[in-house]
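Each residue of the sequence shown is one higher than the last, beginning at 7 in my numbering.
Reviewing the structure listed below.
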Amino acid sequence: MDDQLFIQKAVDLALENAKSGGRPFAALVVRNGEIIATGVNQIKLTNDPTAHAELLALREAGKTLGNPNLEDCIVYASGQPCPMCLAAMRMAGINQVRYAFSNPDAEPFSLSTANLAEMLRMPPEKQEGLIFKQITPLQNLDLYKLWQSYQEK
């Protein structure tokens, strides 16, 4: 399959999800020309605000490959991925993303995440509507050094 066929598959899955009452988003994770995972937006179905198509596809891909590192994979998405999904892709090592419909395409339907992306460019403590504060734990410990020592065992 080529890019056009993978994008069409993502759009077809998104349309099926919309017909079933879900949001019009779907994603594929492809490795070496083979679909290894798919996901459709399940926010309405599960009441899980993180149940985005891309995140569900990444989770499935990690399980299928037995590895959270997906650097040799490409994500195909029906819509332009939101900042949360982009962050997850980066953390998974994804370095290629293809999408069919842009934020401007989604804007008239209140499905664009462009405003969120813009807000997230600001430091968290300066973002409107977010109280962001560091609090020192009661117990004085070095959590990350402890974690590292557990990894060495």
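Ideal Cβ placement from N, Cα and C applies to all residues, glycine included.
Note that the coordinates shown come from a computational prediction; the quantities given were computed from them, not determined experimentally.
Classification of G45 by the beta-carbon crowding that lies within 10 angstroms, buried from 16 upward: By the beta-carbon neighbour count (other beta carbons within 10 angstroms, threshold 16), G45 is buried.
How about R29 and I49: do their beta carbons lie closer than 9 Å? Contact flag set, yes.
Tell me the rounded alpha-carbon separation between A112 and Y105. Computed Cα separation, rounded: 12 Å.
Specify the secondary structure class of E40 as computed by DSSP and reduced to three states. Strand at E40.
Taking H58 as the reference, give the member of G72, A94, N73 with the closest Cα. Of the listed residues, the one whose Cα sits closest to H58 is A94.
Could you name the residues of the same chain whose beta carbon sits closer than 8 Å to that of R127, not counting the 5 residues immediately before and after it, in chain order? Closer than 8 Å at Cβ, skipping near neighbours: no residue.
Can you give the Cα-Cα distance for P87 and P143, rounded to whole angstroms? Rounded to whole angstroms, P87 to P143 spans 35 Å at the Cα level.
First and last residue of the alpha helix (DSSP H) that includes P12? Pro is not the amino acid found at residue 12; the sequence shown has Phe there. Counting along the chain, the unbroken alpha helix (DSSP H) around F12 starts and ends at 9–25.
Would you kindly report the start and end of the unbroken beta strand (DSSP E) that includes S84? Looking at the DSSP string, the run of the beta strand (DSSP E) that includes S84 is 79–85.
Could you tell me whether any Cβ in chain D is nearer than 9 Å to the Cβ of M125? Going by chain labels, chain D is absent from the structure shown, which holds only one protein chain.
Please go through the same chain and pick out, in chain order, the residues whose beta-carbon is closer than 6 Å to the beta-carbon of S84, but skip the five residues on each side of it. Excluding sequence neighbours, S84 sits near A16, V17, A20, F31, A32, A106.
Applying the 10 Å Cβ sphere with the 16-neighbour rule, what's the burial state of N73? Answer is exposed; the Cβ neighbour count stays below 16.
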